[in-house]
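Have a look at the structure below before the remarks.
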Ligand code: AMP
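In structure tokens:
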């Protein structure tokens, strides 16, 4: 696989905060970044050398974008796969389109995990109220129903129990292709972020613990407080997934830790991940720099930790607290340059760096 040297142009599909932070890391290594997005004034556009705005299905736009860059990557999953496959005919796409195909459909993702021997919660593919009711009898009595595609940050998810009226739920939410999952009574949620290079060498970060609120990541504590040996178990699963997908880039794997110490994969993302933001300030090489190194075929940097860290997302009005956070000498504030602090919108994050004598407090 080709090395993309500094001075080259990296194309990123998606203009959100992940693209923005990737572009900043890329520019520190001497690259230029071009963004392809369907939204004007996106966070990444303010730091990119060039932004192409238009529908992701527009072939002419895809061609212009492809011809302007040396390699293409993506910063979110909800991109039409046909567009990414078309781009791959014109320019190297890393991670390869199969990674996106698997990650963007929850049933394809879970089926893939089964195929490669990775444990997940029990699940069924359901397409209407009838099949959902039948599946519920098999894997109930506590389940969660998720749209198979286009759901993120807890959107498109419904808790299901014996009182659920399936026909009503289906009608009210205009549901279609969905996955019904067993509700896992997990002890905690952890994730592993890793980078895999063009030669198949992988570099993982320490697992972090993630606390969600209404399906949205609220806080990450790194490293996660887990029993000895669980980090290796989590890494092995993440390596297996990355190798099986022949992924070149960054992969995040989210796990449920059960009461018996079992690890179940919840979902994967073939890109830098919110639960890896702490690495930017607490590790030798942050996940965005590692992403740039991996997709450009450069050697990976060390993922060693300088100090433990707590990352807190600034969601909606939380961003108004920036003046408090900026006063904290050990807090690293990151703002995404979004205008409107809508409810549930990720506006920034702050990472609190802990010295060796600080006690890691529950958040
Ligand atoms: P997801 O969009 O699949 O990452 O779900 C968002 C959050 O909802 C997860 O991080 C969990 O906190 C919760 N959740 C999702 N699926 C399940 C499940 N099968 N069992 C228990 N909690 C879940």
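Numbering (our numbering), first residue to last: 39 to 401.
From the three backbone atoms N, C-alpha and C, an ideal C-beta is built for every residue, glycine too.
On a predicted model such as this, the values are computed, not experimentally measured, just so you know.
Taking C-alpha positions only, residue 288 is separated from residue 207 by approximately 37 Å.
The beta-bridge partner set that DSSP reports for residue 264 is empty. Your pair residue 315 and residue 290 does not check out as a contact, with CB atoms roughly 11 Å apart and the cut at 8 Å.
One alpha carbon belongs to residue 134, the other to residue 210, and they sit about 37 Å apart. Taking every protein chain shown into account, the CB of residue 393 has fewer than 16 other CB atoms within 10 angstroms, so this residue is exposed.
With a beta-carbon spacing of about 25 Å, residue 146 and residue 49 fall beyond the 8 Å limit used to define contacts.
Within the model, the alpha-carbon separation for residue 95 versus residue 127 is close to 15 Å.
With contacts defined by Cβ atoms closer than 9 Å, residue 293 and residue 219 do not form a contacting pair.
When the alpha-carbon of residue 306 is set against those of 361, 112, 148, the nearest one is in 148.
For residue 283, the shortest C-beta to heavy atom distance toward the ligand AMP is 8 Å or greater. Taken in chain order, the complete alpha helix (DSSP H) segments of 4 residues or longer contained in the segment 96 to 129 are 97 to 105, 119 to 128. Residue 159 has its Cβ nearer than 8 Å to a heavy atom of the ligand AMP. DSSP assignment within the segment 280 to 330 yields the following whole alpha helix (DSSP H) runs of 4 residues or more, N-terminal first: 317 to 320. Between residue 390 and residue 361, the C-beta gap is not smaller than 9 Å, which leaves the two residues out of contact. The Cβ atoms of residue 295 and residue 264 sit closer than 9 Å to each other.
The ligand AMP never approaches residue 225 closely enough for any of its heavy atoms to be under 8 Å from the residue's Cβ. Within the same chain, and ignoring the five residues on either side of residue 125 in sequence, the residues whose Cβ sits closer than 7 Å to its Cβ are 100, 104, 110, 131. In the DSSP annotation of this structure, the continuous segment of the beta strand (DSSP E) that includes residue 246 starts and ends at 246 to 251.
In the DSSP assignment, residue 344 falls outside any beta strand (DSSP E) and carries neither an H nor an E. In the three-state scheme derived from DSSP, where H, G and I count as helix and E and B as strand, residue 187 is classed as coil.
358 is the residue among 372, 369, 358 whose C-alpha sits nearest the C-alpha of residue 378.
With a 10 Å radius around the Cβ and a threshold of 16 neighbouring Cβ atoms, residue 258 comes out buried.
Proximity of the beta carbon of residue 250 to the ligand AMP is indicated: a heavy atom of the ligand is located closer than 8 Å.
For residue 219, the three-state secondary structure derived from DSSP is strand. DSSP links residue 229 through a beta bridge to 246, 292. Within 8 Å of the C-beta of residue 221 there is at least one heavy atom belonging to the ligand AMP.
The closest heavy atom of the ligand AMP lies 8 Å or more from the beta carbon of residue 150.
In the DSSP assignment, residue 88 falls within the beta strand (DSSP E) that extends over 88 to 91.
The straight-line gap separating the alpha-carbon atoms of residue 301 and residue 322 is approximately 27 Å. DSSP places residue 58 in the uninterrupted alpha helix (DSSP H) bounded by 55 to 66. Distances from the alpha-carbon of residue 328 to those of 47, 63, 238 put 63 closest. In chain order, 371 place their CB closer than 7 Å to the CB of residue 364, counting only its own chain and leaving out the 5 sequence neighbours on each side.
Taking 8 Å as the cut-off, one finds at least one heavy atom of the ligand AMP near enough to the beta carbon of residue 184. DSSP places residue 384 in the uninterrupted beta strand (DSSP E) bounded by 384 to 392.
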